[in-house]
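Engineer:
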Amino acid sequence: MPEASYSPSSPNPAGNMIELDLDVQDFASDWSNCDSMSSYVSRMVCHNRTDSLLFANLYSSALNELLETAFRVHGRTGQLVCRFRRTGDVDRIEIDMPSDDGVLSFYQGAVDLARGPDAQTVYLDKLFSSDVPDMALSLLELSVDYGADLSLTRDDQAQRLCLAAELVLEEPKP
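Number 181 marks the last residue of the sequence shown (our numbering); no jumps.
#1: May I ask you to report which of helix, strand or coil DSSP gives T160?
#2: Among S145, S39 and R56, which one has its Cα closest to the Cα of G95?
#3: Whose CA, out of S46, M104 and H54, lies closest to the CA of V31?
#4: Could you check the C-alpha separation between A172 and A117 for me, to the nearest Å?
#5: Does the Cβ of D163 have 16 or more other Cβ atoms within 10 Å, making it buried, or fewer, making it exposed?
#6: In terms of residue numbering, what span does the alpha helix (DSSP H) encompassing A117 cover?
#7: Do the CB positions of L134 and T76 come within less than 8 Å of each other?
#8: For the beta strand (DSSP E) containing L27, name the first residue and the last one.
#9: Counting pairs of Cβ atoms below 8 Å between the segment 84 to 102 and the segment 57 to 76, do you hit three or more?
#10: If you check the beta carbons only, do G82 and V110 fall under 8 Å apart?
#11: Please work out which residues of its chain come closer than 7 Å, Cβ to Cβ, to E10, disregarding the five sequence neighbours upstream and downstream, and give them in chain order.
#12: Once the 5 residues before and after V97 are set aside, which same chain residues still bring their CB inside 8 Å of it?
#13: Would you kindly report the start and end of the unbroken beta strand (DSSP E) that includes L87?
#14: Evaluate R79 with the Cβ neighbour count: other Cβ atoms within 10 Å of its Cβ, from every protein chain shown; 16 or more gives buried, anything less gives exposed.
#15: Can you check DSSP and say which residues form a bridge with C169?
#16: Just to confirm the assignment, what range does the alpha helix (DSSP H) spanning R83 have?
#17: Label M24 either buried or exposed according to how many other C-beta atoms from any shown protein chain fall within 10 Å of its C-beta, with 16 as the threshold for buried.
Here it is in structure tokens:
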């Protein structure tokens, strides 16, 4: 992965909508936290969309995939911070979490797969495999089915990483 600077602050503070901050162990203590958080956030960010119900459903599904991945793969201790931003028609979800070498390696590999030229083929192979589901499947789904642009930044000193997904879930207004 190319070196990237770690920046939890938005270059466009005007695009900030919501930020959730919780202990990673509290988050990972109950699978239903993923659904609760995605349902809550999607209701908050969909109010000004043309078809707010459709947008809320798509947003909730995409966010849930990110949260379920973070639920499975995260560092042992620290804060999990989820930021939700919008600039124009692009919605950006950031999940900033504690990381160690194993966590970083997983996300780096998964994002590389999702950004790769064969992402759709890899996604379909993993989706229809009889093996145990690959933990990278959710990120591949976001890339292939939702058109998400995934990126990863890290702070090695603080042992944190930030997984970001940029999504366009509604056609731009003419």
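Just so you know, even glycine gets a beta-carbon here, dropped at the ideal spot from N, CA and C.
Structural biologist: Let's see:
#1: T160: strand per DSSP, three-state reduction.
#2: Checking every option, the nearest Cα to that of G95 belongs to R56.
#3: Nearest neighbour of V31 by Cα position, chosen from S46, M104 and H54, turns out to be M104.
#4: When rounded, the separation of the alpha-carbon atoms in A172 and A117 is 13 Å.
#5: Counting the other CB atoms within 10 Å of its CB gives D163 a total below 16, which places it among the exposed residues.
#6: Element bounds for A117: D108 to R122.
#7: The Cβ atoms of L134 and T76 do not sit closer than 8 Å to each other.
#8: Here the beta strand (DSSP E) through L27 covers N23 to D30.
#9: The answer is yes - the segment 57 to 76 touches the segment 84 to 102, with three or more Cβ pairs under 8 Å.
#10: In this structure, V110 lies closer than 8 Å to G82 by Cβ.
#11: A caution first: E10 carries a pLDDT of 35, below 50, which makes its placement in the model unreliable, though a value can still be read off. Result list for E10: empty, nothing under 7 Å.
#12: Cβ within range, chain order: E173, L174 and V175.
#13: It spans Q86 to T94 - the beta strand (DSSP E) in which L87 sits, taken as one unbroken run.
#14: Here R79 is exposed. Its C-beta has fewer than 16 other C-beta atoms within 10 Å.
#15: DSSP lists D103 and T160 as partners of C169.
#16: It is not in any alpha helix (DSSP H) - R83 carries neither H nor E in the DSSP assignment.
#17: Exposed.
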